[in-house]
Amino acid sequence: MRLRTVWLLVCCSVCASALAVQEGDVVTDPMDFVNVSFHKLKLKECATALLCLWLELVQLPRKRMIERIDMVFQQVRSTINVTKERAMLEKDETFTNLNDARVVLRTVHSKLNGAELLNDKLNENKVKLLNELAKEGAVVGQVNNALLAISTAALVVYKYNDQLVSLSNVKRMVMERNNFSLGQQIATNATELIVKTWWNKNTSFLIQNLQTLINESSDICSKHAENMKQQSWISRYTNRTYSDVIRLASSGRSDLVKYMETVGSVDGLDGRHRNVSASLVKLLPTGNVSRIINATARDIVELQEIKTQLQKEK
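In mature numbering (1 follows the signal peptide of the UniProt record, and there is no 0), the protein residues as written are -20 to -1, 1 to 294.
(1) Tell me the rounded alpha-carbon separation between A258 and L283.
(2) CB K115 to CB L35, shorter than 9 Å?
(3) So for N158, helix, strand or coil by DSSP?
(4) Work out the CA separation of I286 and D279 for me, nearest whole Å.
(5) Quick check on this structure: which residue in N169, A275, R233 and R252 has the alpha carbon closest to the alpha carbon of Q191?
(6) Apply the 10 Å Cβ neighbour rule to V120 and answer buried if 16 or more other Cβ atoms are within range, or exposed otherwise.
(7) Decide if R271 is buried, meaning its Cβ has at least 16 other Cβ atoms within 10 Å, or exposed.
(8) Look at M153 and S131 and say whether their C-beta atoms are less than 9 Å apart.
(9) Could you check if Q164 is buried or exposed, using at least 16 other CB atoms within 10 Å of its CB as the buried criterion?
(10) Figure out for me which residue from V145, I273, K176 and G244 has the closest Cα to the Cα of V123.
(11) Once you ignore the five residues that flank residue 328 on each side, which residues in its own chain have a CB closer than 8 Å to its CB?
(12) Helix, strand or coil for R278, going by three-state DSSP, please let me know.
(13) Exposed or buried, what is G251 when buried is set at 16 or more other beta-carbons lying within 10 Å of its beta-carbon?
(14) Whose C-alpha, out of M51, E25, V16 and F13, is nearest the C-alpha of D247?
(15) Name the two residues that bound the continuous alpha helix (DSSP H) containing M45.
(16) Looking at C-beta atoms only, is the number of pairs between the stretch 96 to 109 and the stretch 194 to 206 that lie closer than 8 Å three or more?
(17) Shortest alpha-carbon distance to E172 belongs to which of L37, A95 and L135?
(18) Along the chain, where does the alpha helix (DSSP H) that runs through A114 open and close?
(19) So P41 packs on T242, CB below 8 Å; how close in whole Å?
(20) Just reading off the alpha helix (DSSP H) that L21 is part of, what are its end residues?
(21) Starting from the N-terminal side, write out each stretch of the alpha helix (DSSP H) that is 4 residues or longer and does not extend beyond the stretch 213 to 273.
(22) Taking the alpha carbon of N268 as the point to measure from, which residue in L113, N15 and L33 has its own alpha carbon closest?
(23) Helix, strand or coil for D9, going by three-state DSSP, please let me know.
(24) Where Y222 and T168 are concerned, what is the direct C-alpha to C-alpha distance, given to the nearest angstrom?
(25) If you draw a straight line from the C-alpha of N255 to the C-alpha of N125, how long is it?
(26) With a cut-off of 8 Å on the beta carbons, I'd call A134 and L31 a contact; round off their distance for me.
(27) Following the continuous alpha helix (DSSP H) through L128, name the residue where it begins and the one where it ends.
(28) Since C201 contacts I174 with CB under 8 Å, what's their CB separation in whole angstroms?
(29) For F185, count neighbouring C-beta atoms within 10 Å of its own C-beta (all shown protein chains included) and say buried if the count is 16 or more, exposed if not.
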């Protein structure tokens, strides 16, 4: 009986709520998990956990893009199935019975060889692109607007004011908080639950739930700040800085909420569409990623042109 009582006390502690992402075979809902975890935090802990959670959420469109890229490139390469086309040529009696067809046959083989080379280049570019996207500084969509909402709040308790808006810089700010470990553990567990329960649902469901999670997490911490006003003057003075963090985060959350819509743009990418390269450039507008996409775009256009020429030759 005594052991059971001790176990119940442990389960009710804040640390247990942060670390327990699964009970038996039933996975906890991300919304419920954040709700329970955040309500048990003190003001300072909630402010840090909020920033940690939002830093995890702001990286989800990049994760989505990494997963989507392989499918998009596979669709592009399927524009011309070189192996299938060559097999069809071998069986086509038109090219074996007519002398005049030999020129066409050579032309078709030449086009197929060109398509094969382009497919190889596309595969190389896909690997390069995935390597760039794996880097923390990769920009997907309007991520800087979303990061600005987080960094503005983080700067309240950060000792420098000249930081460029980037994921690594904002992370550095938040990591300096004494209660960072607890906040990051809650954020990591919440993200793991999102991937387990929401990630493979339809796009609209995922976006809506992510947006709701941002708003609800902000509202919970704002209630902590509101309750702080009822405390003594000394407590209010001590916690004022963290109340400002929550207030600024709440006032700028609309950019983060809107950024979650990027998931929909990523899911809408289709390598079979002629404008897929333009869509990729729009979502991946900067740095080495942009250069890789531009090179890929030229290869895609050339591959589509070869397909048109092959159809004419046939």
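Ideal placement from N, C-alpha and C gives every residue a C-beta, glycine not left out.
Per the coordinate set shown:
(1) Within the sequence shown, residue 258 is the residue found at index 278, counting from 1. Within the sequence shown, residue 283 is the residue found at index 303, counting from 1. Between the alpha carbons of A258 and L283 lies a distance of about 15 Å.
(2) Taking the first residue of the sequence shown as position 1, residue 115 is located at position 135. Taking the first residue of the sequence shown as position 1, residue 35 is located at position 55. In this structure, L35 does not lie closer than 9 Å to K115 by Cβ.
(3) Walking along the sequence shown from the start, residue 158 turns up at place 178. In this structure, N158 counts as coil in the three-state DSSP scheme.
(4) For the purposes of this step, residue 279 is taken as residue 299 along the sequence shown, with counting starting at 1. For the purposes of this step, residue 286 is taken as residue 306 along the sequence shown, with counting starting at 1. Approximately 10 Å between the Cα atoms of the pair.
(5) Sequence index remark: in the sequence shown, residue 191 carries index 211 (1-based). If you compare the alpha carbons of N169, A275, R233 and R252 with that of Q191, the shortest gap goes to R233.
(6) The residue you call residue 120 lines up with position 140 of the sequence shown. Buried: at least 16 other Cβ atoms inside 10 Å.
(7) For this step, residue 271 is matched to residue 291 along the sequence shown. Answer is exposed; the Cβ neighbour count stays below 16.
(8) Within the sequence shown, the letter at position 173 stands for residue 153. Within the sequence shown, the letter at position 151 stands for residue 131. Taking 9 Å as the Cβ cut-off, M153 and S131 qualify as a contacting pair.
(9) Taking the first residue of the sequence shown as 1, we reach residue 164 at position 184. Q164 counts as buried, since no fewer than 16 other beta carbons sit within 10 angstroms of its beta carbon.
(10) Translated into the one-based positions of the sequence shown, residue 123 becomes position 143. Comparing Cα-Cα distances from V123 to each of V145, I273, K176 and G244, the minimum goes to V145.
(11) Nothing can be reported for residue 328: it is not among the residues displayed for the chain, which extend from -20 to 294.
(12) Mapped onto the sequence shown, residue 278 falls at position 298. Correct three-state label for R278: helix.
(13) Reading the sequence shown from its first residue, position 271 is the one you call residue 251. Result: buried.
(14) For the purposes of this step, residue 247 is taken as residue 267 along the sequence shown, with counting starting at 1. Selected option, being the one with the closest Cα: M51.
(15) By 1-based counting over the sequence shown, the position of residue 45 is 65. Annotation for M45: the continuous alpha helix (DSSP H) segment containing it runs L40 to R57.
(16) no
(17) By 1-based counting over the sequence shown, the position of residue 172 is 192. When only C-alpha atoms are compared, the closest one is L37.
(18) What you label residue 114 is simply residue 134 of the sequence shown in a count that begins at 1. Premise fails: A114 is in no alpha helix (DSSP H) and is neither H nor E.
(19) Within the sequence shown, the letter at position 61 stands for residue 41. Within the sequence shown, the letter at position 262 stands for residue 242. Indeed they touch by this definition, with Cβ atoms about 4 Å apart.
(20) Counted from its first residue, the sequence shown places residue 21 at position 41. Premise fails: L21 is in no alpha helix (DSSP H) and is neither H nor E.
(21) 213 to 239, 242 to 247 and 256 to 263
(22) Your numbering for residue 268 matches position 288 in the sequence shown. Closest option to N268, Cα to Cα, is L113.
(23) As a first step, residue 9 must be located in the sequence shown, where it is residue number 29. If DSSP states are grouped into helix, strand and coil, D9 belongs with coil.
(24) By one-based count along the sequence shown, residue 222 stands at place 242. By one-based count along the sequence shown, residue 168 stands at place 188. Within the model, the alpha-carbon separation for Y222 versus T168 is close to 21 Å.
(25) Sequence index remark: in the sequence shown, residue 255 carries index 275 (1-based). Sequence index remark: in the sequence shown, residue 125 carries index 145 (1-based). Taking the straight line joining both Cα atoms gives about 26 Å.
(26) Translated into the one-based positions of the sequence shown, residue 134 becomes position 154. Translated into the one-based positions of the sequence shown, residue 31 becomes position 51. Their Cβ separation, rounded to whole angstroms, is 6 Å, which keeps A134 and L31 in contact under 8 Å.
(27) Residue 128 sits at position 148 when you count from the first residue of the sequence shown. It spans V123 to A134 - the alpha helix (DSSP H) in which L128 sits, taken as one unbroken run.
(28) Along the sequence shown, one-based indexing puts residue 201 at 221. Along the sequence shown, one-based indexing puts residue 174 at 194. That belief does not hold up - the Cβ atoms of C201 and I174 are roughly 19 Å apart, past 8 Å.
(29) As a working mapping, residue 185 is identified with position 205 in the sequence shown. When all chains shown are included, F185 counts as exposed.
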